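These notes concern the structure reproduced below.
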Amino acid sequence: THGTMALHGASFLDENLTRNQTMSLSQQLNSGIRYVDMRVKRVKDSFAMYHGIVNQKAVFEDVLKETIQFLK
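Counting in the numbering used here, the sequence shown runs from 41 upward without gaps.
Following this line, the structure appears as structure tokens:
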């Protein structure tokens with residue numbers, strides 16, 4: 041999917057214009073998607089999910105854990 045983790049829109053714009061998804065990663069995987077578009081930004085000592093300049097309130101480590109759990 042395009043912008044797999046882009047669940048949160050920019051508060052300074054119309055949020056609907058900057059949001060790409062309405063389903064969580066696990067919902068998307070369980071619905072059959074098999075391509076993920078992850079946009080990661082280094083923030084201090086970890087990696088966070090971003091869509092442009094908008095923080096998606098998820099860390100890459102948790103996204104990987106969720107993906108691995110699905111693959112099991």
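Idealized CB from N, CA, C, for every residue including glycine. As the structure is a prediction and not an experimental result, all values here were calculated from the model.
query = Whose C-alpha, out of 48, 52, 97, is nearest the C-alpha of residue 61?
reply = 48
request  = Measure the C-alpha to C-alpha separation of residue 77 and residue 84 and round it to an integer number of angstroms.
outcome  = 22 Å
query = How many angstroms separate the CA atom of residue 107 from the CA atom of residue 66?
reply = 8 Å
query = Roughly how many angstroms separate the alpha carbons of residue 41 and residue 51, rounded to a whole number?
reply = 23 Å
query = From this set, 103, 109, 46, which residue's C-alpha is nearest residue 86's C-alpha?
reply = 103
ask   = Under the three-state reduction of DSSP, which class applies to residue 105: helix, strand or coil?
value = helix
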